[in-house]
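Novice:
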Amino acid sequence: MAEKNIPMREALRAALREEMIRDERVFVMGQEVGAWDGTHKVTRGFLDEFGARRVRDTPISEMAIAGAAVGAAMAGLRPVAEIMTINFAFLAFDALINHAAKVRYMFDGQFKVPMVVRAATGWGNQATATHSHTPEPIFAHFPGMYLGCPATPADAKGMLKAAIRDDNPVLFTEVIALYPKPGPVPDDPDFVLPIGKGDIKRAGEDVTIVTYGRGVEWSLDAAETLAREGVSCEVIDVRWLRPLDLPLIFQSFKKTNRCVIVEESLPFYSFGSEIAAQLQEHMFDYMDAPIKRVSAMDVPLPYAKEIELMALPDAHKVVAAVKEII
Amino acid sequence: MSDVTKTTLTRAELIEVYHQMVLIRRFEEKCKELYNARKIGGVYLHLYNGQEATGVGAIKALKPTDHVITAYRDHGIAIAKGADVKRLMAEMFGKRTGVSGGKGGSMHLADVNVRMWGGYAIVGGHLPLAAGIALKSKYNDDGEVVLCFIGDGATNNGYFHEALNLSAVWDLPVVWLIENNLYGMGTPVEVSSGQPELHKRAIAYGMKDFGRVDGMDFFAVYEVAQQAVEYARTSGPVLIEAITYRYEGHGVSDRIYMKRVEEMQTFQQRDPLVVMESKLRAMFPDIEPELAQVEPSVAAIVEEAVRFAEESPTPTAEDLTRNVYA
Chain A
1 MAEKNIPMRE
11 ALRAALREEM
21 IRDERVFVMG
31 QEVGAWDGTH
41 KVTRGFLDEF
51 GARRVRDTPI
61 SEMAIAGAAV
71 GAAMAGLRPV
81 AEIMTINFAF
91 LAFDALINHA
101 AKVRYMFDGQ
111 FKVPMVVRAA
121 TGWGNQATAT
131 HSHTPEPIFA
141 HFPGMYLGCP
151 ATPADAKGML
161 KAAIRDDNPV
171 LFTEVIALYP
181 KPGPVPDDPD
191 FVLPIGKGDI
201 KRAGEDVTIV
211 TYGRGVEWSL
221 DAAETLAREG
231 VSCEVIDVRW
241 LRPLDLPLIF
251 QSFKKTNRCV
261 IVEESLPFYS
271 FGSEIAAQLQ
281 EHMFDYMDAP
291 IKRVSAMDVP
301 LPYAKEIELM
311 ALPDAHKVVA
321 AVKEII
Chain B
1 MSDVTKTTLT
11 RAELIEVYHQ
21 MVLIRRFEEK
31 CKELYNARKI
41 GGVYLHLYNG
51 QEATGVGAIK
61 ALKPTDHVIT
71 AYRDHGIAIA
81 KGADVKRLMA
91 EMFGKRTGVS
101 GGKGGSMHLA
111 DVNVRMWGGY
121 AIVGGHLPLA
131 AGIALKSKYN
141 DDGEVVLCFI
151 GDGATNNGYF
161 HEALNLSAVW
171 DLPVVWLIEN
181 NLYGMGTPVE
191 VSSGQPELHK
201 RAIAYGMKDF
211 GRVDGMDFFA
221 VYEVAQQAVE
231 YARTSGPVLI
241 EAITYRYEGH
251 GVSDRIYMKR
261 VEEMQTFQQR
271 DPLVVMESKL
281 RAMFPDIEPE
291 LAQVEPSVAA
301 IVEEAVRFAE
311 ESPTPTAEDL
321 TRNVYA
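Heads up: the sequence lines are chains A and B, in that order.
Mapped onto the working numbering, the consecutive letters of the first sequence carry residue numbers 1 to 326.
Mapped onto the working numbering, the consecutive letters of the second sequence carry residue numbers 1 to 326.
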């Protein structure tokens, strides 16, 4: 099947567009998704192509955007709601957690909630404290809602299509820094990557690096550096924080017996905390070294670039962490 | 005051309405008794007695294909929309035959078969869901209307503003009905609302204001609701405020203050059941035999519901983990 080298934002756009063509019930809603072509240009040209019925600009009302998506999904539509950035999703937290994630259970299966909330995520670029969140683990804490975060354009297409076709609510975060980065993406309109399936982004023997989102890029760079020094790293991109592909992580760990967890988000009660706990609980007999975690520092992000960068993870920090356990 | 001679409802329909109002009253009294006897569990039990005319009057104005959604004071609304009384009582008992499988409880009664979309226990949280359900009707152009009950207390959080505004900009077929029972928990409306005439909020959204209606009088509510529902069906959202009264505390276990005892006496002089009976007698001088049949019929239904609930099985470990995901 043919593929094209396109940026992640175009891969996401292709996924959304193909799903809207495929299924009349799929529609997009959110701030600036229509006339403005989307804040991140993922819905560029949609208003012209699909019209105002299926491309719905909303007021700046995150609670209502998320909540109305829940209601529309319960009633049989398949909304793809855009929250401009994940920073604003805190305003929608109640609608996502108390309703999107729980109505199916609370009413014992009377309703399905086939909705996707897309939100741009990521630290940095001097966006400062309130605009520099990567809070995926918080949202992945609650049963009932899936959470995916793609690291490559191909994954972005295949994962978003899976999210739209699934009957469960999905919070789908898109790393802002990755929107412009290109990669090969299959043209196939049925290129769907299964929900909850992680991916080995680089095979290796000595250390397992578990990561997602932007951490994949840092981990691959680190693995490249370490390879030149004779250390072989296996980089696992979990792709989905919920459901989490623990079998893939365990399988790798049984081989390497060492693990570094890399995430862009904060260290306390984090992705790294969860993976480390799972490994000690289930893989203790295979463990040859302490589990290391690389994350942002436990501070709000400042404006000044020099100290902002100090607080953020990067490939060098991943290399240093790996070296501590080999 | 409504002119009962203008009603289009037949004598049989009116007896049915009265029967439903009495059923709600006796159902709630039974729930209180069983809660005090610890047969019904939970931290709260929010009863609907006193507000019967509002729920029954508004729902009577709907077609069976129209939709209802409400907050946690939901028993009477569920009965009025036609949910199975036995399965409602079983839900109170936390039985697996309950409408929500014993997993929702008193505050989360939904019955998708009669388009009762549930009770919701985060104040205001169901309002955007109502907008979303109405969006489905607008999207599919199916002519269905959503009737959303709102407690007076919910008019002061962000959900109210965001959901009503969204319904206005999208012209959604929603009847927003504020059940103003004078208190949000224990705080009087005039203490919590800068504009205590809550229907006037409609102006802020450019929404049709159907004003205040006597929520203790079935005929008054029904008449306004009929106009409101037909307006919403063709022309977009409307707001109604029904002045009503709850005879219990916020929950049954809450204290009733002395001030409220006196206030309640004035409302009880206009008790919804008393008002309805006297109007029926005025309309149909020979109706006494039919009225006399209502209480025994209701008693049998409530008794049967309690027996069904008591004899039903409790949920299993399998139920515990079922329907988290679709």
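Just so you know, even glycine gets a beta-carbon here, dropped at the ideal spot from N, CA and C.
In this text the structure is predicted, and so the values were computed from the model without any measurement.
Pop quiz: G213/A and S232/A are said to be a contact at Cβ under 8 Å. What is the actual Cβ separation, rounded to whole angstroms?
Specialist: The pair is not a contact, with the Cβ atoms about 23 Å apart (cut-off 8 Å).
Novice: Ignore the nearest five residues each way along the sequence and tell me which others in Y205/B's own chain have a CB closer than 7 Å to its CB.
Specialist: Only L164, N165 and A168 meet the Cβ criterion.
Novice: Going by beta-carbon coordinates alone, are L171/A and L96/A separated by less than 9 Å?
Specialist: Contact: yes.
Novice: Hey, how far is the Cα of K136/B from the Cα of A35/A?
Specialist: Rounded to whole angstroms, K136/B to A35/A spans 22 Å at the Cα level.
Novice: Per DSSP, T70/B forms a beta bridge with which residues?
Specialist: Partner(s): G119/B.
Novice: Return the Cβ separation of E136/A and L241/A in integer angstroms, given the expectation that the two are a contact with Cβ distance under 8 Å.
Specialist: 5 Å between Cβ atoms; contact.
Novice: For a cutoff of 9 Å on Cβ pairs, would you count Q31/A as touching chain B?
Specialist: No, Q31/A lies away from the interface with chain B (no Cβ there is under 9 Å from its Cβ).
Novice: Can you check the segment 10 to 53 of chain A for any alpha helix (DSSP H) of at least 4 residues that lies completely inside it and give the ranges in chain order?
Specialist: 46 to 50, all fully within the segment 10 to 53 of chain A.
Novice: Identify whether F191/A lies in helix, strand or coil by the three-state DSSP scheme.
Specialist: Coil.
Novice: With a threshold of 8 Å, are at least 3 pairs of Cβ atoms found where one atom belongs to the segment 178 to 193 of chain A and the other to the segment 1 to 10 of chain A?
Specialist: With the cut-off at 8 Å, the segment 178 to 193 of chain A and the segment 1 to 10 of chain A touch.
Novice: For the beta strand (DSSP E) containing E314/B, list its first residue and its last residue.
Specialist: This sequence places Thr at residue 314/B; Glu is not what is there. Taken as a continuous stretch (DSSP letters only), T314/B belongs to no beta strand (DSSP E), as it is neither H nor E.
Novice: Is there a Cβ from chain B that is less than 9 Å from the Cβ of T173/A?
Specialist: It does not: the Cβ of T173/A has no partner Cβ on chain B nearer than 9 Å.
Novice: Opposite R242/A in the DSSP bridges: which residues?
Specialist: In the DSSP output, where bridge partners are listed per residue, R242/A has L147/A.
Novice: Residues of the segment 129 to 163 of chain A in Cβ contact with chain B at a cutoff of 7 Å, in chain order, please.
Specialist: Residues passing the 7 Å Cβ filter: P143 and G144.
Novice: Are any of the Cβ atoms in chain A nearer than 9 Å to that of K279/B?
Specialist: It does not: the Cβ of K279/B has no partner Cβ on chain A nearer than 9 Å.
Novice: Less than 9 Å between the C-beta atoms of R115/B and H67/B, yes or no?
Specialist: Contact flag set, yes.
Novice: Within 9 Å (strictly less), CB to CB, does Y139/B reach chain E?
Specialist: The structure shown contains no chain E; its protein chains are A and B.
Novice: I'd like the ranges of any alpha helix (DSSP H) spanning at least 4 consecutive residues and lying wholly in the segment 126 to 185 of chain A.
Specialist: Complete alpha helix (DSSP H) runs here, min 4: 136 to 140 and 153 to 165.
Novice: Among F284/B, M21/B, V22/B and Y222/B, whose alpha-carbon lies nearest the alpha-carbon of L147/B?
Specialist: Checked all of F284/B, M21/B, V22/B and Y222/B; the closest Cα to L147/B is Y222/B.
Novice: Sorted by chain position, which residues of the same chain lie with C-beta nearer than 6 Å to P243/A's C-beta, five sequence neighbours on each side aside?
Specialist: Here the set comprises G196.
Novice: Measure how close the beta-carbons of G71/A and L109/B come, nearest whole angstrom, since I'm counting them as under 8 Å.
Specialist: Contact doesn't hold; Cβ gap of about 17 Å is too wide.
Novice: So for G230/A, helix, strand or coil by DSSP?
Specialist: In this structure, G230/A counts as coil in the three-state DSSP scheme.
Novice: My guess is that V238/B and V175/B are in contact by the Cβ rule of under 8 Å, so how many angstroms apart are they, rounded?
Specialist: V238/B to V175/B, Cβ: 6 Å. Contact.
Novice: Would you mind telling me which residues of chain A sit closer than 9 Å to Y159/B, beta carbon to beta carbon, in chain order?
Specialist: The contacting residues are M63, A64, G67, D94 and A95.
Novice: Less than 8 Å between C-beta atoms, sequence neighbours within five positions excluded: which residues of the same chain meet that for G45/A?
Specialist: So the qualifying residues of the chain are D37.
Novice: Can you give me the start and stop residues for the beta strand (DSSP E) that R118/A sits inside?
Specialist: Counting along the chain, the beta strand (DSSP E) containing R118/A begins and ends at V116 to T121.
Novice: Measuring straight from C-alpha to C-alpha, what distance separates F267/B and Q20/B?
Specialist: Going from the Cα of F267/B to the Cα of Q20/B covers about 20 Å.
Novice: Quick check: the segment 148 to 158 of chain B against the segment 184 to 191 of chain B, are there 3 or more CB pairs under 8 Å?
Specialist: Contact between the segment 148 to 158 of chain B and the segment 184 to 191 of chain B is present, because at least three Cβ pairs lie under 8 Å.
Novice: Can you tell me whether F88/A is helix, strand or coil according to DSSP?
Specialist: In this structure, F88/A counts as helix in the three-state DSSP scheme.
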